[in-house]
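So the protein sequences, as listed, match chains R and G.
In the numbering used here, each residue carries its 1-based index in the first sequence increased by 22.
In the numbering used here, each residue carries its 1-based index in the second sequence increased by 112.
See below for the structure under consideration.
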Amino acid sequence: MDAKRLTRLALLTALALIIFTVELQLPTLAPVPGMKLGLANIITVYAVYSFSAGETAMILVVRVLLGSLIAGNMMSLAYSMAGGMLCLAGMLLLRRVIDKKHIWVCSILGAVLHNIGQTCAAIVLMQTSTVIAYLPFLLVSGCVAGALTGMAAQLVVSRMNK
Amino acid sequence: MIRSQKFWIAVCAVIFAAGLAWSIILLTMSHGDKVTVTRDGVVLYTLDLSKEPDREFTVEYEGRKNVVEIKDGRIRVKEADCPDHVCVRTGWLTAKIPIVCLPNRLVIEYADSDLDAVAG
């Protein structure tokens, strides 16, 4: 990997971490475990449509790891990682069939996969399936948040390619 | 079909509608008075809220604590030393939606109403 590419990836990771940290200060709308805007995903969605699968994965893994450290909440790492990985895998597949004018659609489906992934992690770790009761609320919020971050990412992709 | 953008938009719409409907069903589902307090997959207490006196008790997990309060036939997590405090902010247990503390692996939920019918 050349220095220019490495620098771009590092910059994007730093940017994602800044967005993540700023979002930590925002109050949550509803007391649902795992519910959040996920603004840092703007970077992930942008990367999915601008970089290779491996490079996007690097940005995401480093962001999730360092993000948990910054948040001081290593206990949530398993949930974030499970959700993040499923979301990433899904979006990397979807980018083959969803074009650059519908990035927001890819982002919604990514958010939904993230919610499913984190719920599965919670079921395994908590050893109870009752936490699935939060999934419908996460799906609704995921659709809304995913659409918003996806539109933001779409804007970035179209402007950056000019 | 999967190359059609409209197909994926429809998928999103279906997921959103299903999530909404599922949420409403959960919020309006009836429940009994029996509540279970589970930590790390093990049921610690099975309580009948209609008979419980007002009291508080502490559940510990790896040195971290959740203070559970029972008052006027309702139950909630009063205090917690987890980082996110989602369990405290959930408030009183009202519907078939459990109070969950992910870091401390604590779940407070209404027991299955079907079981109540059989037991009662």
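Using N, Cα and C, we set each Cβ at its ideal position, and we do this for glycine too.
query, result
"CA-to-CA distance, V162 (chain R) to K184 (chain R), given in whole angstroms", "34 angstroms"
"Opening and closing residue of the alpha helix (DSSP H) in which L156 (chain G) lies", "Taken as a continuous stretch (DSSP letters only), L156 (chain G) belongs to no alpha helix (DSSP H), being part of the beta strand (DSSP E) at V154 to D160."
"Contact between the region 102–110 of chain R and the region 174–188 of chain G (3+ Cβ pairs under 8 angstroms)", "no"
"The region 163–176 of chain G touching the region 207–216 of chain G, judged by at least three CB pairs closer than 8 angstroms", "yes"
"Proximal residues of chain R, C-beta to C-beta of I121 (chain G) below 7 angstroms", "V127"
"Presumed contact (8 angstroms Cβ cut-off) between C165 (chain R) and A144 (chain R), rounded CB distance", "Not a contact, Cβ separation roughly 20 angstroms."
"E181 (chain G) CB to nearest heavy atom of the ligand ADP below 7 angstroms", "This structure simply doesn't include the ligand ADP, nor any ligand for that matter."
"Inter-residue spacing [alpha-carbon to alpha-carbon] between I130 (chain R) and V84 (chain R)", "22 angstroms"
"Within 9 angstroms of chain G by C-beta, residues of the region 145–157 of chain R in sequence order", "L147, M148, Q149, T150, T152, V153, A155, Y156 and L157"
"Chain R contacts from the region 163–190 of chain G (Cβ-Cβ distance under 7 angstroms)", "none"
"Meets three-Cβ-pair contact criterion under 8 angstroms: the region 146–156 of chain R and the region 198–214 of chain G", "yes"
"Rounded straight-line distance, which links the Cα of V146 (chain R) to that of D152 (chain G)", "10 angstroms"
"Coil, strand or helix - E191 (chain G) by DSSP", "strand"
"CB contact flag (L195 (chain R), G106 (chain R), <8 angstroms)", "Within the shown structure, residues of chain R are numbered from 23 to 184, placing residue 195 (chain R) beyond reach of any answer."
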